[in-house]
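Here my numbering is used: the first residue of the sequence shown is 43, the next is one more, and so on.
Cβ coordinates follow ideal geometry from the N, Cα and C atoms, glycine included.
All figures in this text were calculated on a predicted structure; none of them were measured in a lab.
Structure, as structure tokens:
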Amino acid sequence: MSAPMEIDVFWSFRSPWSYLATKRLHDWQTKYQLLVNFRAVYPIAVRLPEFFDQVQPQWFSYFATDVRRVAEFLELPFAAARPDPVIQHVDADGRRHTDSEQPYIYRLTRLGALAEELGKGIEFADEVSALIWGGTKGWDQGDHLAQAAARAGLNLAEMDERIVAEAERLDAVIDNNQRDHDQSGHWGVPTCTYNGEPFFGQDRLDVLLWRLQKEGLQER
């Protein structure tokens with residue numbers, strides 16, 4: 043059997059759009075001779091917090107409407123993340139500001155980078171994003187994350203130890219992911235790339251699959 047085809051996916055734990063793409067990407071890796079390289083990056087609220095000062099005021103309400111509509115269309119459960127993976131506050135002028143203390147997103151992103159190294163990146167992303175965005179209030183409490191990691195074939199306690207001990211190395215991996223993302227042809231998530239061609243957004247996955255099949259993608 044020939045080697046599987048490969049795609050990269052630049053992906054954020056804070057992005058509901060990443061969540062809405064992940065189950066299909068996971069299913070593709072199971073169904074097709076395809077390797078999905080999971081490339082965890084920090085969300086725009088961390089990378090470019092000034093972004094929220096520049097968008098049109100309608101952006102927030104449309105985003106909230108559209109993401110729920112697409113989730114319903116895809117028949118995936120959806121609710122606003124509680125807690126939000128990125129802590130922000132809204133000032134008196136209605137502007138969002140990313141707090142300096144971020145107890146969730148750094149842990150999650152380092153865990154994602156480590157999961158990829160352990161050969162379970164897209165599996166971990168699928169389980170954890172469904173936990174965060176699928177309606178589990180208090181996803182960070184109790185054993186929710188541990189059970190999600192176990193469903194992906196991973197041990198959360200061991201991973202948490204490693205992301206502390208190996209934080210500097212994992213941050214370098216994430217920095218490299220972000221540099222490659224910057225050079226991919228798009229800045230948003232999820233962005234998939236194949237042979238240097240970017241496909242931004244969960245709504246371009248059908249186009250990506252079409253491209254892969256044109257290039258010879260086969261079922262397992």
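- Under the three-state reduction of DSSP output, Glu239 falls in the strand class.
- With contacts defined as CB atoms closer than 8 Å, Pro119 and Tyr146 fail to qualify as a contacting pair.
- Approximately 7 Å separates the beta-carbon atoms of Trp59 and Val109; this is inside 8 Å, confirming the contact.
- The Cβ-Cβ distance between Val83 and Ile216 falls below 8 Å.
- For the 8 Å CB-CB criterion, Arg56 and Gln220 do not form a contact.
- Scanning Ala45, His68, Ile174 for the CA closest to the CA of Ala194 turns up His68.
- In the structure shown, Ile49 falls within a strand segment according to DSSP collapsed to helix, strand and coil.
- Within the model, the alpha-carbon separation for Gly180 versus Tyr236 is close to 36 Å.
- Unbroken beta strand (DSSP E) runs of no fewer than 3 residues, entirely contained in the segment 170 to 249, are found at 233 to 236, 239 to 242, following chain order.
- Cα atoms of Ala157 and Met201: separation of roughly 8 Å, rounded to the nearest angstrom.
- If you draw a straight line from the Cα of Gln255 to the Cα of Gln100, it is about 38 Å long.
- If you look at Arg81, you'll find it in the beta strand (DSSP E) that goes 76 to 82.
- Just so you know, the alpha carbons of Ala113 and Thr178 end up roughly 15 Å apart.
- Setting aside the 5 residues that flank it on each side, Arg204 is surrounded in the same chain by Leu156, each with a C-beta closer than 7 Å to its C-beta; the list follows chain order.
- For Arg81, the number of other beta carbons within 10 angstroms of its own is at least 16, and it is reported as buried.
- Annotation: the continuous alpha helix (DSSP H) that includes Arg66 extends over 58 to 73.
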